[in-house]
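Q:
Residue numbers (UniProt numbering), protein chains in the order written: chain A, 1 to 1094; chain B, 1 to 248.
(1) Run through chain A and tell me which residues come within less than 9 Å of residue 119/B, C-beta to C-beta.
(2) What's the C-alpha gap between residue 595/A and residue 357/A?
(3) Relative to the C-alpha of residue 428/A, which residue among 484/A, 497/A, 454/A and 480/A is closest?
(4) Under 8 Å, Cβ to Cβ, is there at least one residue of chain A near residue 87/B?
(5) Which term fits residue 566/A, buried or exposed, when burial requires 16 or more other beta carbons within 10 angstroms of its beta carbon?
(6) Flag residue 366/A as yes if its beta-carbon sits less than 8 Å from any beta-carbon of chain E, otherwise no.
(7) Please name the residues in the region 32-65 of chain B whose beta-carbon is closer than 7 Å to at least one beta-carbon of chain A, in chain order.
(8) Pick helix, strand or coil for residue 713/A, following the three-state DSSP scheme.
(9) Pair every Cβ in the region 359-369 of chain A with every Cβ in the region 9-29 of chain B, then say whether three or more of these pairs are closer than 8 Å.
(10) Check whether the Cβ atoms of residue 543/A and residue 932/A lie closer than 8 Å to each other.
(11) Enumerate in chain order the residues of its own chain whose CB-to-CB distance from residue 70/B is below 8 Å, with the five nearest sequence positions on each side excluded.
(12) Which same chain residues, not among the five before or five after residue 611/A, have their C-beta less than 6 Å away from its C-beta?
(13) With distances taken between CB atoms, is the gap from residue 489/A to residue 480/A smaller than 8 Å?
(14) Beta-carbon of residue 255/A versus every beta-carbon of chain B: anything under 8 Å?
(15) Run the CB neighbour count on residue 204/A, radius 10 Å, all protein chains shown included, and call it buried at 16 or more, exposed below.
(16) Going along chain B in order, which residues have a C-beta closer than 7 Å to the C-beta of residue 453/A?
(17) Would you kindly work out how many angstroms separate the C-alpha atoms of residue 287/A and residue 402/A, rounded to a whole number?
(18) Check whether the region 78-98 of chain B and the region 123-132 of chain B are in contact - that is, three or more C-beta pairs closer than 8 Å.
(19) Who are the near neighbours of residue 294/A in its chain, counting only those whose CB is closer than 6 Å to its CB and skipping five residues on each side?
(20) Quick one: which chain B residues come within Cβ less than 7 Å of residue 359/A?
(21) Can you give me the start and stop residues for the alpha helix (DSSP H) that residue 92/B sits inside?
(22) Just to check my reading of the structure: residue 87/B and residue 210/B have Cβ atoms closer than 8 Å, yes? What is that Cβ distance to the nearest angstrom?
(23) Runs of 4 residues minimum, wholly inside the region 369-405 of chain A: which ones carry the alpha helix (DSSP H) assignment?
(24) Please classify residue 620/A as buried or exposed, where buried requires at least 16 other C-beta atoms within 10 Å of its C-beta.
(25) To be precise: take each residue of the region 317-337 of chain A, compare its Cβ to all Cβ atoms of chain B, and keep it if any distance is under 8 Å. Which residues remain?
(26) Classify residue 826/A as buried or exposed, calling it buried when 16 or more other Cβ atoms lie within 10 Å of its own Cβ.
(27) According to the neighbour-count rule (16 or more other Cβ atoms, all chains shown, within 10 Å of its Cβ), is residue 222/A buried or exposed?
(28) Using a Cβ-Cβ cutoff of less than 6 Å, which residues in the same chain neighbour residue 310/A once the five nearest sequence positions on both sides are dropped?
(29) Quick check on this structure: which residue in 664/A, 780/A, 241/A and 336/A has the alpha carbon closest to the alpha carbon of residue 919/A?
(30) Does the beta-carbon of residue 10/B have 16 or more other beta-carbons within 10 angstroms, so that it is buried, or is it exposed?
(31) Are any of the Cβ atoms in chain B nearer than 8 Å to that of residue 546/A?
(32) For residue 397/A, go through chain B and note every residue whose CB falls closer than 9 Å to its CB, in chain order.
(33) For residue 524/A, I'd like the list of residues in its chain whose CB is within less than 7 Å of its CB, leaving aside the five on either flank, ordered along the chain.
(34) Could you spell out the range, first to last residue, of the alpha helix (DSSP H) harbouring residue 51/B?
(35) On a Cα-Cα basis, can you pick out the residue from 265/A, 256/A, 228/A and 236/A that is closest to residue 246/A?
(36) With which residues is residue 67/B paired in a DSSP beta bridge?
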């Protein structure tokens, strides 16, 4: 039994870390010091694409050559665990760690123990960590036991991540095997009888001896020690570095292992070894110019392989494209490997840009150019082609792509190449036009592409024949068809110049790229899988556009900002040869889908931007730059057009769009959508994520979804913290008003009276709706705590029965019924405590409870009409308050952290359904708040679209001439909310507030110093200017305030009161500040109230 | 099959397109069909190759105009150019390579959405010679059906042990083909097994009504639409499937 911390002294902590086999940062750990993962990478020389995902203390056991076990695992999976292993990530492809099996063991002393069996069977079985090596002999497996010593939750999370990682790596096991097979260590440990094959290449030394005298170097002994070490601790990809490892290295590596160890310890093992392109290249090596004997030989194939492979590494964006093999093979007949390499680079970068890119846009573009040239120079033929519905490019595309090498006999193709290299790509067009011109007559007879092709095929096969066989003139007769072709090409079409081509390319570029993008879009959407069916085709299309637009925009901005920085630094930057033009576009279009591989992964920031373009709530509250609806002109699929216009906003980090908000809810959403834990979202992730919210359109589904967002460990419970966070999220989501179908509030008589009482400027329905929602949220918190199950055993039946009856009576009085409900909840809490003492009930609440609580919920559901009571005249509030104050102390019992509680999904559902507004929120408001298809209407951000506590109560029509009235509403609504919170959950509110403050600190810097807001509202600090003046000296309000003063202590209260009378916005804000400073110290309920009142 | 000197039966041409992942044997199938030949190292197809071959049915002669497309992923965007107006499609996968079936499914979905309505699609698993199951192509022995499992197995080199490189069971592919109303064959271009059968079956499946001796622009579209009723078997279910799989 080793303790990991001993094993890895240099690791920061005793930790077992799981490395994500997929690449990308993990935002799940965003709270983690990023330097840590960097350190980790350095420690184990990992590529930056591999970051530790989880960290958990653990103990590790490596059985040393114990009884062999020969079970072969059914699950092969890639897994990479950090810490002790030196995981060798292989290659670009997510390196599969080679665990063949992971089991969970029953362990006495630890909650979690994992056994990892690797697929490196070795003559002796022994391995630590999750190393496994692949060995065909499969003699024994390495088995490592890891005992996790973290908390249960941490362990579960770790295991979850491990599972995901394993699953993700499954596909790569095969590749890794190939890589590993080249390691000398594999060969070394193979049993003698299997050492038939040649040993892997361990350098020239194998042929020409290694320097030094092996005897003096004690090479054999060293080898023996290493063999032993490797047997016990895994090798290559699964090596575990124990202290011995370092010792062994210090005494000198044995010759044949030296190279492998260098590679391993330097971290180069993981790079380079393979790529997708290499697989593709291998497929084609044997079939490149097979008629040329050189490419039937190892020598020729080897050269071809090296050139293509080298290029695919150097230029991964191009990688390998079929036809390159043919071109390079042709080149290799005349030039050396390295020459061929550079020539290929010149081809791809300058001569035929984009021909071999992943979208082949260059090829497609030149086809369009070629077609327009044909139309211009041979109108009759062109007309015929159109009439016969023959697509020219089916014929001409291979000509261009293989530079005629594939089409003509080699001798002639090389002659075209001769001219091509000196005169540039226009030669390809000239030759192509000449071919059509010469065969024009026959082509006019061809009526379909089949006939068309056979005419040309015939022509190419007779290129060496005389062009004028019947001519009397022997000189003329000696001219072969190819010579004729060249003459026609360069005489008749001499007018075709580089600039002709360039102009036509520019002209056709957009159309071609749009085509490619549409195709890519269609394909991508089609392959999105079953979840996508939940969304309409329009929605899918829009999601696709939005997804790639955001990525594209961000890339643009990065690029421009980078350029700008460079420019400022006065660094002369050699502009990359632009693909299309002489006019430098600074590669501004880089990242465009049509141009080839671009990012297709969305990180968290991009995700925020993505949401901000669709949802009001995702827009930050800071004063935003005017939003330009960039999406409007994208509907035709030309979603890039707008970005080509000069855009002054590009230099802002968020471009022209609104600045996205940042909220914990969005992080959770991101994590939820990021099913692979890669910290990035694919289009698939986004579509699936959206489909789950928008697609199912049933309230239960949405409620469940929301609940699961906050159920971190997936145990079906959300704790106190989670409840608070849910309420925060609800406030966050609703702060700009609710959308969707909400029942008209006019159905509520009390409300309408209320609004009239407010005077002529009564807040319109929208405003009150939001007011009501705030009330609902506070009621939500209260109810959550009321109905939450204590983590301790409790008597739920009592709970349910007691809770119901009194409510009905109280609600009649137009008194906020929730208070009464709460009172009951209070009692219960005490009872619960007693119960706790009395007996140890079952942890799970009895079934009957579940049945009963809905009935309670129903009763409650009848109440929402009373909720607007929040906005009721303050006198009522006063009464309420006095009651609530008395209760608030009791309430604290429920909120006492020493009395942990949780809420289950049924409870959550019940609480939501108990409130009409919340119900509507989940039913329609939340799903519809994501405007996938139509985007956000151009919101003028200067109009206060925020429903915050400050603007709350103000009419949505914004332009309120009399701020007073709105102030009324604001105060009252605010008051209502605060009252409830104070009454029921002063602690809760304190916490909410604290957290909001943290989140808000940054934003506040933008706000006018005096404009701080109250309470939760601090979250949304975009305050309309009107609202600032909104706190007029409203008598009613003041009266409340003064009545509240009874509750307040000394100076703070007075400050609040006096300032309040001044009627300035600051009057309210100052006390807030004052009290906020004492938040932490506030112990008595009274003091707490100060905070909320301020 | 190609006795072009047949009796003066009515002759009509059919445009057929081959689609599938790179190196699954599309060109080899065509070469076998057209020239009854096999080349071990066939040059990769650039863009597409065009060949023709006649197929004699009892009542008529069908002249296949075969578009053999390039398989590499990046050539996919060119495909519409080739399957435009096609009346038949051969979607080929390599039954030793699980990924190739996934790609084949993508192609089928694309054809059902984008190609001429009523296009006859055949799903062909090639390289049967690499499996144990010889001629009769007995039921698949292979591992789990889903691609992931297959992928893992491929990684595990499981095939080598038995000498059977098959990674996609007959049942799996067949079930899929039935769901999508595709013709289904397992072939070997190398041995010639089942190759001509594929083409004959396609020829038979092409509805009479959509055949014309000349294929004018758009004509086949119109015709195949007209022929829908007669081909309830083929197009009926597929129409539904297409609707289901319609994603955009």
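Ideal Cβ positions, reconstructed from N, Cα and C, are used throughout, including at glycine.
Bear in mind that the values here come from a model prediction, so they are computed numbers and not experimental data.
A: Concretely, from the data shown:
(1) Result: empty, since nearest Cβ-Cβ is about 16 Å, beyond 9 Å.
(2) So the two alpha carbons sit approximately 7 Å from each other.
(3) Relative to the Cα of residue 428/A, the nearest Cα in the group 484/A, 497/A, 454/A and 480/A belongs to 497/A.
(4) Output row for residue 87/B: interface = no.
(5) When all chains shown are included, residue 566/A counts as exposed.
(6) Absent from the structure is chain E; the protein chains it does hold are A and B.
(7) Cβ contacts with chain A: 41, 42, 43, 44, 46, 47, 48, 50, 52 and 65.
(8) Note: residue 713/A maps to coil in three-state DSSP.
(9) With contact defined as three or more Cβ pairs closer than 8 Å, the region 359-369 of chain A and the region 9-29 of chain B are not in contact.
(10) Result yes, Cβ atoms of residue 543/A and residue 932/A sit closer than 8 Å.
(11) Excluding residues within five positions, the ones whose Cβ falls inside 8 Å are 22, 44, 45, 46, 47, 48 and 78.
(12) Cβ-Cβ distances below 6 Å link residue 611/A to 618 in the same chain, with the five nearest sequence neighbours on each side left out; the list follows chain order.
(13) No. Outside cutoff.
(14) No, residue 255/A lies away from the interface with chain B (no Cβ there is under 8 Å from its Cβ).
(15) Exposed: under 16 other Cβ atoms inside 10 Å.
(16) Identification of chain B residues near residue 453/A by a Cβ-Cβ cut-off of 7 Å yields 50, ordered along the chain.
(17) So the two alpha carbons sit approximately 14 Å from each other.
(18) The region 78-98 of chain B and the region 123-132 of chain B touch, with no fewer than 3 CB-CB distances between them shorter than 8 Å.
(19) Excluding sequence neighbours, residue 294/A sits near 300.
(20) Chain B residues near residue 359/A: 74 and 77.
(21) Here residue 92/B belongs to no alpha helix (DSSP H); instead the beta strand (DSSP E) covers 88-94.
(22) Correct: roughly 6 Å between the Cβ atoms.
(23) You should have 379-388 and 392-401.
(24) Looking at its Cβ environment, which holds 16 or more other Cβ atoms inside 10 Å, residue 620/A is buried.
(25) Taking 8 Å as the Cβ-Cβ cut-off, the region 317-337 of chain A approaches chain B at 321, 322, 323, 325 and 326, given in chain order.
(26) The predicted model places residue 826/A with a pLDDT of 39, which falls under 50 and marks its position as unreliable, so this point remains unresolved.
(27) When all chains shown are included, residue 222/A counts as buried.
(28) 341.
(29) Ranked by how close their Cα comes to the Cα of residue 919/A, the residues 664/A, 780/A, 241/A and 336/A have 780/A in first place.
(30) By the neighbour-count rule (16 or more Cβ atoms within 10 Å), residue 10/B is not buried but exposed.
(31) No - not a single Cβ of chain B is within 8 Å of the one on residue 546/A.
(32) For a Cβ distance threshold of 9 Å, residue set 46, 47, 48, 78 and 81 of chain B lies close to residue 397/A, ordered along the chain.
(33) Excluding sequence positions up to five before and after residue 524/A, its CB lies within less than 7 Å of the CB of 544 and 683, all in the same chain and listed in chain order.
(34) Taken as a continuous stretch (DSSP letters only), residue 51/B belongs to no alpha helix (DSSP H), being part of the beta strand (DSSP E) at 48-56.
(35) That would be 265/A, whose Cα lies nearest to the Cα of residue 246/A.
(36) Answer is 17/B and 50/B.
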